[in-house]
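Numbering (UniProt numbering), first residue to last: 1 to 815. What follows is one structure encoded as structure tokens, with my remarks underneath.
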Amino acid sequence: MRLNVLVTTALVLTAEAVAQDNKARLWYTAPAELWTDALPVGNGRIGAMIFGNPVNERMQINEESVYSGGFRSRVNQNSLETLPEVRELLASGRVSEAEKLAKVGLTATPQSIRHYETLGEMLLEFDGTSKYDKNTYQRWLDLETAIAGVEFSVGSTKFHREMFSSYPDNVLIHHLTAEGGDSKLSFNIRVHRPYGGGNSASDMDYNKNGDTTYMVGGTQSLDPIKFATALTIQTDGNLRAIGEFLLVDNATVATAFFTAATSYRHDDPLAAVDETLSKAVNLGYDELRKRHLEDYQPLFKACRLELDSADSTGSDLPTNKRVNATQAGANDPGLVALQFEYGRYMLIASSREGTLPANLQGIWCAEFESAWGSKYTVNINLQMNYWPAEVTNLAGLHNQLFDLLDLMHNTGKEVAKNMYGASGWMSHHNTDLWGDTAPEDRYLPATYWTLSSAWLTTHILEHYWYSGDKAFLLSKIEILSDAIRFYLDTLQEYEVNGSKYLVTSPSVSPENTYKLPDGSSTSMAIGPACDFQILRELFNGFIDAVATLDDSPVESEFIEKIKDTLTQLPPHQISTRYPGVLQEWIEDYQEAAPGHRHVSHLFALHPGTQIPPPDAPGHNETIWNAARSTLDYRLKNGGAGTGWSRAWTINWFARLLDAKALNDHIFQFFNVSVYPNLFDAHPPFQADGNWGFTSGVAEALIQSHMRSEDGVREVWLLPTLPNQWSSGNVTGLVARGGFVFDITWNDGNLANFKMKSRVGGQVDVRYGIGSNLSGKIENSSGGSGNFKLQETGVKNKVAIETEEGNEYEFKVTWA
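Next comes the structure, spelled out in structure tokens:
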């Protein structure tokens, strides 16, 4: 496709000049060698990993819905008759027999849900670039623009490339220029789906009209996901199509336009890519870029973080060398801020309105058979993906999780009925793009856990606490109520130490094991601690949320039944076998893996809200100390060995108000849990750790999970601020209750803050947590609207009465 009007290079050069000064930028001085060196772009639907090779460029590509096949109803036809037998065996202490029976009678048929796959690769082979000047080479990812770039010189010719994935226009763009000197752009480009060795996993690869190539195929199933891709080029040089290749030569500018579609959303994926590509080409590169920035930047700029320190080092180094320097002991709070913002970038890139939620690898997956299927693991991982959504001002991205819950609600009703004989809905420890809720595989430590639906629905409540959106809450009452109904129907009476409780059975403490009296290790159990912690969070949250509605559709009898059930759940129990720590199981079993990566019985500390800190409403010193001891014990025995577990540990220490430990584990995150491209290392790559890290940094800067007995929200500013972050500012952090904060601090002390009230009402603000100094908050000259500021009689705590939509600015003086 001949480009008649050349794109000016001024736009590109300006963008690079800005990127050079931009702190929110990953950059490197050599091409990527491994996939975990490459840089990600995405629009929630199309993702790409860019290697930046001057000679043989590789862009590994994903489309969000390329899964291994269609929906299947997988409930074991004999599960309903097997369930009471398993329960009876567990109740009588015959755990090994219960597990043996469960593995045949409760396992789904077939065993596995659908898994996520790579779509393929965009490959470019260049002529005349093999002798590029390595001293001029640079590649980068600009988080402020969501544009990746590559630049190098051959002689006096500067080659420049930039790539982005446009959400408004659903295309992946690769824009190339050659400026100055005698060299021109000369390359071939194709889209390929390699499958081991020299095999190809597409069904048709062809060209049409001399300027567009297509790849068409389906995934490996009797009921496949069918896909189609289309690629075309605009250039001022010569363009020719041969087979699956497009060939460009003698050009100074070329723009590749790529799109993909599947049968998950389109009856005719080929027609869909033709329509999308035609619209994008008609808009042209400049307009596409402009529309991309207008869409992306308001989301990214909604929350920004800057961290500084007097002894800060490394900010002028390439990103991989900054990580290396940090691993060697350098203090680089700017790298912490970059990692924080990278998490927000990744969520925007992999979770947009109308797309699937971010999966185990976000949207970036290079394999056909990836680790854990790169689907949705819901015993921590999918939940962690969305921990930063509300607090870092990306609440709109949370909706994709709620859309998946709607699918799970429907499939989960059938599983609840046909597998457990219960009303309501439920899910086990995995799901996929169809919302499949039947058990996944036969992995005893995980497969038969039934609390994921309870945990996932607490996200609905969290969104409500942050937004105050009563219409949203009303629209989700049914899915919340049905989740609760399942547990009201299935909890079993169990006696321990002379007390009777309602407990889950069968269950597991996710992925962990314990020892039976004969010394053998096992997993299946009655009433693990995390189960009643999650139920307590859901039940209490639901009761409190419904109480805020003026005209609630929830019957009072249902509320009373929930309240009665709450009184019969087991309390937190402190181990005698391991003095001072919280029991992980209702019985005080011997642990088989004391350093296990999952510490599910600390759910109540985070993301739960049941273990508030000292001086907060509802604080219990015994349970607080036991939570800390539990974490210390796990870490002493080698815990937090995976990236996501390290990220959860950062969140726990934020809640424990231990700034030193939080900073130590941030250091450890960079030391062992990140790849050169800052992806989280489980290993292998899992995106959850990136988002858990962002959440943990946010928790260090603001906490709002506490409420007074009369329901007033407490917001704690800078509750767990490390000494290494002595000065800084953050804009756009959101607190529960609908308050948005901009915060500035100097020398470790709060200097000023701005607060916008989205829904009005009172908020109690605490600051100077753990400080010996006393502060005084005063209104500064900025802000709008009326407010009432009152001292509470508690050191460094004020009550502020706000009006909906108004902003308030305050300064703090210290003595």
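C-beta atoms are modelled at their ideal positions from N, C-alpha and C, and glycine is treated no differently.
Open item on the list: Looking at the strands, I want to know which residues DSSP matches up with G770.
Closed with: In DSSP, G770 forms no bridge with anything.
Task: Nearest neighbour of G284, chosen from S771, L721, F159, A256 [CA to CA] - done: A256
TODO: Assuming Y547 and L461 form a contact by the criterion Cβ under 8 angstroms, report the distance between their Cβ atoms to the nearest whole angstrom.
DONE: One point to set straight first is that residue 547 is Ala, not Tyr, in the sequence displayed. Wrong, their Cβ atoms sit about 12 angstroms apart, outside the cutoff.
Open item on the list: Quick check: the Cα distance between A799 and D764, rounded to an integer number of angstroms?
Closed with: If you draw a straight line from the Cα of A799 to the Cα of D764, it comes to about 4 angstroms.
- [ ] State the DSSP-derived secondary structure class of L480, mapped to helix, strand or coil.
- [x] helix
Task: Distance, L143 Cα to S315 Cα - done: 16 angstroms
- [ ] May I ask you to report which of helix, strand or coil DSSP gives H459?
- [x] helix
Open item on the list: I'd like the span of the beta strand (DSSP E) that includes I50, first residue to last.
Closed with: 46-50
- [ ] Report yes if the C-beta distance between M731 and R304 is below 7 angstroms; otherwise report no.
- [x] Per the sequence shown, residue 731 should be read as Thr rather than Met. The answer is yes: Cβ separation under 7 angstroms.
TODO: To the nearest angstrom, report how far apart V248 and R161 are at their CA atoms.
DONE: Rounded to the nearest angstrom, the gap between the Cα atoms of V248 and R161 is 15 angstroms.
TODO: Taking only runs that begin and end inside the UniProt domain "Alpha fucosidase A-like C-terminal" (714-809), name each unbroken beta strand (DSSP E) of 3 or more residues, in chain order.
DONE: 727-735, 739-746, 749-757, 761-766, 775-783, 788-791, 797-802
Open item on the list: If contact is defined by three or more beta carbon pairs under 8 angstroms, each pair taking one atom from either stretch, is the region 599-609 in contact with the region 651-661?
Closed with: yes
- [ ] Tell me whether G805 is buried or exposed, calling it buried when 16 or more other Cβ atoms sit within 10 Å of its Cβ.
- [x] exposed
Open item on the list: Taking the alpha-carbon of D182 as reference, which of S200, L549, S202, V154 has the nearest alpha-carbon?
Closed with: V154
Task: Cβ shell of R628 (< 7 angstroms), same chain only, five flanking positions each side left out - done: Here the set comprises L656.
- [ ] Go ahead and pull the three-state DSSP assignment for N540.
- [x] Judged by DSSP in its simplified three-state form, N540 adopts helix.
Open item on the list: Suppose contacts are defined by Cβ-Cβ distances below 7 angstroms. Is L307 in contact with P333 by that definition?
Closed with: yes
Task: Where Y167 sits in the DSSP three-state scheme - done: coil
Open item on the list: Within 8 angstroms, do at least three Cβ pairs link the region 396-409 to the region 349-357?
Closed with: By the criterion of at least three beta-carbon pairs nearer than 8 angstroms, the region 349-357 is in contact with the region 396-409.
- [ ] Look up E151 in the DSSP assignment and say whether it is helix, strand or coil.
- [x] strand
Task: I777 versus F300, G770, R766, residue with shortest Cα-Cα distance - done: R766
Task: Buried or exposed by the 16-neighbour rule on C-beta atoms within 10 Å, applied to P579 - done: So P579 counts as exposed.
Task: Through-space distance from A640 to A751, alpha-carbon basis - done: Those two C-alpha atoms are separated by around 34 angstroms.
Task: Candidates I147, F258, S130: closest to H192 by CA position - done: Of the candidates I147, F258, S130, the one whose C-alpha sits nearest the C-alpha of H192 is F258.
Open item on the list: Using CA atoms only, rank isn't needed, just tell me which of F810, V672, F753, G768 is closest to A328.
Closed with: V672
Task: Endpoints, the alpha helix (DSSP H) within which F187 is located - done: From DSSP, F187 is part of no alpha helix (DSSP H) but of the beta strand (DSSP E) over 185-192.
Task: Straight-line Cα distance separating G748 from S726 - done: 5 angstroms
Task: Nearest candidate by alpha-carbon position, reference G527, set L382, T513, Q492 - done: Q492
Task: Which of helix, strand or coil DSSP assigns to E367 - done: coil
- [ ] Quick one: grab the DSSP three-state call for T326.
- [x] helix
Task: Cα-Cα separation between G516 and A592, rounded to whole angstroms - done: The question names Gly, yet the displayed sequence has Leu at residue 516. C-alpha separation (whole angstroms): 9 angstroms.
Open item on the list: For V12, count the other beta carbons within 10 Å of its own beta carbon; 16 or more makes it buried, fewer makes it exposed. Which is it?
Closed with: Below a pLDDT of 50, predicted positions are generally treated as unreliable, and V12, at 42, falls in that range; the measurement from the model is reported next regardless. V12 is buried by the Cβ-count criterion.
- [ ] Determine the DSSP secondary structure at S521, reduced to helix, strand or coil.
- [x] strand
Open item on the list: Tell me the DSSP secondary structure of K134 in three-state form.
Closed with: strand
- [ ] Tell me whether P40 sits in a helix, a strand or coil according to DSSP, three-state version.
- [x] strand
TODO: Would you check if the distance between the CB atom of Y466 and the CB atom of E390 is smaller than 7 angstroms?
DONE: Yes; because the gap between Cβ atoms is below 7 angstroms, this pair is in contact.
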